[in-house]
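Enquirer: Just so it is clear: in the sequence shown, position 220 is 219 by numbering that gives the first Met the number 0, and no numbers are missing. We put the CB at the ideal spot given by N, CA and C, even for glycine.
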Amino acid sequence: MSVKVYEGEDLDLLIEKAKKELGEIDILYYEVEKVPGIIPFLKKKKYRLFVTRKSESVESSQEVERLEEEIKELKNLLINIRESVSKIPSQPPVPAVPEHLKEKVVCSITQIEEFTGDAVELINLLIRKGVEPEVAVELVKVSCGLDIETEKLDLNTNTFREAIINACSEKLKFTGDFKVEGKKPRVIAFIGPTGVGKTTNLFKIASKFVIEQELKVGVISTDTFKVGGTQQARIYASILNVPFYVATDQKKLKEIVDNLSELDVILIDTVGRSHYDYFRLGEIKATLSGVESSLEYVLLISCNYNTREAMEVVNRYRSFFPVDYLLFTKVDESSQPGVIVNVGVKSELPLSYVSTGQRVPEDIKLLTPSVVSDLLLGE
Ligand SMILES: Nc1nc2c(ncn2[C@@H]2O[C@H](COP(=O)(O)OP(=O)(O)O)[C@@H](O)[C@H]2O)c(=O)[nH]1
Ligand SMILES: [Mg+2]
Numbered sequence: 000m001s002v003k004v005y006e007g008e009d010l011d012l013l014i015e016k017a018k019k020e021l022g023e024i025d026i027l028y029y030e031v032e033k034v035p036g037i038i039p040f041l042k043k044k045k046y047r048l049f050v051t052r053k054s055e056s057v058e059s060s061q062e063v064e065r066l067e068e069e070i071k072e073l074k075n076l077l078i079n080i081r082e083s084v085s086k087i088p089s090q091p092p093v094p095a096v097p098e099h100l101k102e103k104v105v106c107s108i109t110q111i112e113e114f115t116g117d118a119v120e121l122i123n124l125l126i127r128k129g130v131e132p133e134v135a136v137e138l139v140k141v142s143c144g145l146d147i148e149t150e151k152l153d154l155n156t157n158t159f160r161e162a163i164i165n166a167c168s169e170k171l172k173f174t175g176d177f178k179v180e181g182k183k184p185r186v187i188a189f190i191g192p193t194g195v196g197k198t199t200n201l202f203k204i205a206s207k208f209v210i211e212q213e214l215k216v217g218v219i220s221t222d223t224f225k226v227g228g229t230q231q232a233r234i235y236a237s238i239l240n241v242p243f244y245v246a247t248d249q250k251k252l253k254e255i256v257d258n259l260s261e262l263d264v265i266l267i268d269t270v271g272r273s274h275y276d277y278f279r280l281g282e283i284k285a286t287l288s289g290v291e292s293s294l295e296y297v298l299l300i301s302c303n304y305n306t307r308e309a310m311e312v313v314n315r316y317r318s319f320f321p322v323d324y325l326l327f328t329k330v331d332e333s334s335q336p337g338v339i340v341n342v343g344v345k346s347e348l349p350l351s352y353v354s355t356g357q358r359v360p361e362d363i364k365l366l367t368p369s370v371v372s373d374l375l376l377g378e
């Protein structure tokens, strides 16, 4: 609000002048002063008029009202917060963070306080890559010894890479390269949520068997649901020159598998279903049940899932299928490859391959401790 002052000898003239200049006005105040004129006993009056524009004063009073309203709301909010806080049971005091850890601590102090030096740094690096704090602590512990000076655990390896490799070798299981040994044919079903990469990665694995191991491979698709599902698979199969079949039910699938007993490997592509859809997962289970006895199940998990989502997928699928191992996809799209380690540790399932892109067949890597270490260190 801006106040304007007018000075003159005639109050009415001053008001008129103010109205002319400002439009509608509010008179805030005026004062009169007697000043001596030419004739000493005839003092003149001098007026000082303080006015403001009417709209401004309205605006400002509205502003005051708005502010008062806000203050009222804030007061109520404060009362509510006080009430809720008073209902929370009192917590034990949080231990103070030691000075040397203040900058680096990203996992809870109770988990990290038994470590020092490089061990702390590695724990934090793993956490930044999506490894859960408890898992990171467990992994780093594998390569730690007691630092006599600080009486805390520190890395006893020369490099982080070495420490991660040791940890993965001890805490994770790996399938190693898929080979065909013993009973033939080896029958593997690819299961997992829609779009996770079952069809593309099935053909990457198929080409490993065909090109690298010169084995006889057949592919059966049960994915008659997804639009273009079998078409995409048919094209890959023809490029790879492997026989391709479509099975729509349990009886048909069994028939086809029985007829392919001469092959070394049979790969079964399944329809993608949401893991929330119990009924659909039941349908896949029913279709596969005809060949169940000889079947291996590889569950595909996208590295785009966070650990909670990934474990939910693992648990749902495991409640339907005896999952044998995991294959991770889309690691190229994720900045948190730690999900591989978390799920490997939590599910105790062996890790097979990791898909690193969309190209078939080259974008796939066998998971080993050293590949996991490369992924975590961003190499
Ligand atoms: N970026 C990336 N894309 C992938 C990867 N694996 C599969 N895809 C893509 O994910 C999409 C779905 O794959 P698809 O095999 O059809 O999934 P399905 O529904 O599980 O059979 C396709 O566009 C694939 O090219 C991967 O590792 N990285
Ligand atoms: Mg598919």
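(1) Please report how far the alpha carbon of isoleucine 164 lies from the alpha carbon of glycine 181, in whole angstroms.
(2) Let me know the secondary structure DSSP gives tyrosine 352 once reduced to three states.
(3) Give me, in chain order, the residues of the same chain whose beta-carbon lies closer than 6 Å to that of valine 353; leave out the 5 immediate sequence neighbours on both sides.
(4) Just mark tyrosine 296 as buried or exposed, buried being the case when its beta carbon has 16 or more other beta carbons within 10 Å.
(5) So what does alanine 188 bridge to, in DSSP terms?
(6) For ligand 1, is there a heavy atom less than 6 Å away from the beta-carbon of threonine 367?
(7) According to DSSP, simplified to helix, strand and coil, what is phenylalanine 208?
(8) Could you tell me the alpha carbon to alpha carbon distance between tyrosine 304 and lysine 250, rounded to whole angstroms?
(9) Three-state secondary structure (DSSP) at serine 334?
(10) For a test of the three-state rule: what should DSSP assign to arginine 52, helix, strand or coil?
(11) Would you identify the three-state DSSP class for leucine 154, choosing helix, strand or coil?
(12) Check whether the Cβ atoms of lysine 197 and aspartate 263 sit closer than 7 Å, and answer yes or no.
(13) Could you say which of Val342, Gly337 and Glu32 lies nearest to glutamate 311 if we only look at CA atoms?
(14) Please report the distance separating the alpha-carbon of lysine 53 from that of lysine 18.
(15) Please state whether DSSP places valine 392 in a helix, a strand or coil.
(16) By the three-class DSSP mapping on this structure, what secondary structure does glutamate 311 have?
(17) Assign valine 216 to buried or exposed, taking buried as 16 or more other Cβ atoms, counted over all protein chains shown, within 10 Å of its Cβ.
(18) Name, in chain order, the residues that DSSP records as bridge partners for lysine 30.
Expert: For this structure:
(1) 30 Å
(2) strand
(3) Phe327, Val330, Lys364 and Leu366
(4) buried
(5) Ile267 and Tyr296
(6) no
(7) helix
(8) 35 Å
(9) coil
(10) strand
(11) strand
(12) no
(13) Val342
(14) 10 Å
(15) Any answer about residue 392 is impossible in this case: the structure gives the chain only from 0 up to 378.
(16) helix
(17) buried
(18) This sequence places glutamate at residue 30; lysine is not what is there. For glutamate 30, which the question treats as bridged, DSSP gives the partners Arg47.
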